[in-house]
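Before any comments, here is the structure.
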Amino acid sequence: MSYAAVSRIDPSVTLQEYRQDFNGPTSFANLEEFFKRAPRGTALMQTEEQIRLVTFDVFEQLRRDNILYAEILLVPFMHTSQGLSPENVVEILDDAVGKASSETGVEGRIILSTLRHYSMQQSLATVKLVERFRGTHVAGVDLGAYEAGFPIYAHIPAFQYAAQQGIPRTVHAGEARGAESVWETLKHLRPSRVGHGVRSIEDPALVEHLRKERIHLEICPTSNVQINLFESYAHHPINTFYESGVSLGVNSDTRMIANVTLTQEYEKLHEAFGWGKRHFLQCNLNAIEAAFLPEDVQKRLEKQVRAGYGV
Numbered sequence: 007m008s009y010a011a012v013s014r015i016d017p018s019v020t021l022q023e024y025r026q027d028f029n030g031p032t033s034f035a036n037l038e039e040f041f042k043r044a045p046r047g048t049a050l051m052q053t054e055e056q057i058r059l060v061t062f063d064v065f066e067q068l069r070r071d072n073i074l075y076a077e078i079l080l081v082p083f084m085h086t087s088q089g090l091s092p093e094n095v096v097e098i099l100d101d102a103v104g105k106a107s108s109e110t111g112v113e114g115r116i117i118l119s120t121l122r123h124y125s126m127q128q129s130l131a132t133v134k135l136v137e138r139f140r141g142t143h144v145a146g147v148d149l150g151a152y153e154a155g156f157p158i159y160a161h162i163p164a165f166q167y168a169a170q171q172g173i174p175r176t177v178h179a180g181e182a183r184g185a186e187s188v189w190e191t192l193k194h195l196r197p198s199r200v201g202h203g204v205r206s207i208e209d210p211a212l213v214e215h216l217r218k219e220r221i222h223l224e225i226c227p228t229s230n231v232q233i234n235l236f237e238s239y240a241h242h243p244i245n246t247f248y249e250s251g252v253s254l255g256v257n258s259d260t261r262m263i264a265n266v267t268l269t270q271e272y273e274k275l276h277e278a279f280g281w282g283k284r285h286f287l288q289c290n291l292n293a294i295e296a297a298f299l300p301e302d303v304q305k306r307l308e309k310q311v312r313a314g315y316g317v
């Protein structure tokens with residue numbers, strides 16, 4: 007959410023306040039402190055007008071960043087304080103994403119997210135919203151939030167139901183906890199992708215399992231460094247994962263809090279590891295393969311990416 011969007015929704019917010027309260031600092035004490043920034047933005051996405059405005063703002067940012075395809079994570083239960091139901095929220099976002107995609111040329115899908123501290127009923131309701139909106143821009147389900155404080159067991163029934171219905175699944179793990187959390191996630195929730203997953207590096211057997219099973223890691227280097235998971239970009243394990251043959255993509259995480267674009271992520275990877283065209287092409291092809299998309303759309307995006315890289 008850009009300052010332009012924030013100031014349209016709440017003109018009282020100054021640029022200085024935006025930078026202080028919405029953007030994150032270069033370093034947080036931990037992941038929990040990172041999450042504390044989120045409510046400021048969420049509070050400004052509680053009406054239909056606000057959700058539409060923010061959606062168009064995000065897609066315009068993506069267009070300027072030369073993004074071809076993006077998956078937008080939304081927690082439906084976090085946007086109901088002014089009378090919208092979770093279903094209303096998804097209906098509005100689905101329509102807004104379709105219109106924003108048409109205007110900007112950025113292909114978009116929606117992943118509905120449940121949170122670690124949510125109840126079994128809330129998680130199942132989230133999955134059933136994905137089922138209800140099958141065939142729209144809603145493409146899959148995610149489990150997010152503070153991994154260290156809340157076990158996965160309340161969410162197993164929802165993810166089992168999602169698997170039975172053929173709903174694509176991704177889960178945040180291996181960020182606030184170590185490799186054991188990723189093993190647990192793969193065993194009980196059976197996602198095809200893992201959000202972050204970077205602490206998988208602590209267990210070589212897990213790294214090999216990820217490679218062999220083509221479990222895709224959604225890696226967000228800047229936010230990992232920002233929350234002090236790693237001392238610097240140069241200490242981040244993304245290059246080790248890449249050289250090990252693990253499927254991974256480069257992502258910007260929560261763009262507003264991390265205050266980073268995908269272009270800037272690429273620049274940092276080039277500076278830290280000498281990454282170039284070969285690396286970024288492969289990461290993009292990995293991401294397309296792992297995207298929650300029909301095969302024909304995946305093929306179209308792959309053709310666009312290969313053309314863009316001149317291969």
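Residues in the sequence shown are numbered from 7 upward in steps of one, following my numbering. Idealized CB from N, CA, C, for every residue including glycine.
Runs of alpha helix (DSSP H) wholly within the stretch 275-312 (minimum 4 residues, chain order): Restricting attention to alpha helix (DSSP H) runs no shorter than 4 residues, the stretch 275-312 encloses them at 283-296, ordered along the chain.
Residues near Ala164 in its chain [Cβ-Cβ closer than 6 angstroms; skip 5 each side]: Ser129, Leu130 and Val133
Where Asp302 falls, given that 16 or more other Cβ within 10 Å makes a residue buried: exposed
Which of helix, strand or coil DSSP assigns to Leu80: strand
Straight-line Cα distance separating Glu113 from Ser107: 6 angstroms
Cα-Cα separation, Asn276 to Gly282: Position check: residue 276 holds His in this sequence, whereas Asn was assumed. Cα-Cα distance, rounded: 6 angstroms.
Those residues which DSSP pairs with Thr120 across a bridge: Leu149
Reduced DSSP category for Leu37 - H, G, I as helix; E, B as strand; rest coil: Helix, per DSSP.
Inter-residue spacing [alpha-carbon to alpha-carbon] between Ala35 and Asn234: 7 angstroms
Three CB pairs or more closer than 8 angstroms across the stretch 263-273 and the stretch 305-314: no
Beta-carbon proximity check, Ser119 vs Leu79, cutoff 8 angstroms: yes
Buried versus exposed call for Gln67 [16 or more other C-beta atoms within 10 Å across all chains shown]: buried
Close Cβ partners of Thr246 (< 7 angstroms) along its chain, the five nearest in sequence each way excluded: Ile207
Residues that Ile225 bridges to, as DSSP identifies them: Val256
Under the three-state DSSP convention, the category Thr269 falls into: helix
Local Cβ density within 10 Å of Leu254, reported as buried at 16 or more and exposed below that: Label assigned to Leu254: buried.
CA nearest to the CA of Gln288, picked from Gly172, Ile263, Lys274 and Val252: Here the closest residue by C-alpha is Val252.
With 16 other Cβ atoms within 10 Å as the buried cut-off, status of Gln26: exposed
Nonlocal neighbours in the same chain, by C-beta distance under 8 angstroms from Ala264, ignoring five residues either side: Gly30, Cys226, Thr228, Ser229, Gln232 and Ser258
Other residues of its chain near Gly203: CB distance less than 7 angstroms, five sequence neighbours each side excluded: Around Gly203: Ala179, Gly180, Val188 and Leu223.
CB contact flag (Arg122, Tyr159, <8 angstroms): no
Cβ-based burial, His242 [other Cβ within 10 Å; buried from 16]: buried
Contact under 8 angstroms by Cβ, Ile73 with Phe298: no
Euclidean distance between Cα positions of Leu37 and Met262: 15 angstroms
Residue from Arg14, Leu307 and Leu291 whose Cα sits closest to the Cα of Glu55: Arg14
Nearest-angstrom Cα separation, counted from Glu219 out to Glu237: 29 angstroms
Residues that Ala179 bridges to, as DSSP identifies them: His202
Exposed unless 16 or more other CB atoms sit within 10 angstroms - verdict on Glu32: Note on residue identity: the sequence assigns Thr, not Glu, to residue 32. So Thr32 ends up on the exposed side.
Own chain residues within Cβ distance below 7 angstroms of Asn292, not counting five before or after: If the five residues before and after Asn292 are omitted, its C-beta is found closer than 7 angstroms to the C-beta atoms of His222, Ser253, Leu254 and Gly255, all from its own chain and listed in chain order.
Residue interval of the alpha helix (DSSP H) (run including Met126): Boundaries of the alpha helix (DSSP H) harbouring Met126: Met126 to Arg138, taken from the DSSP string.
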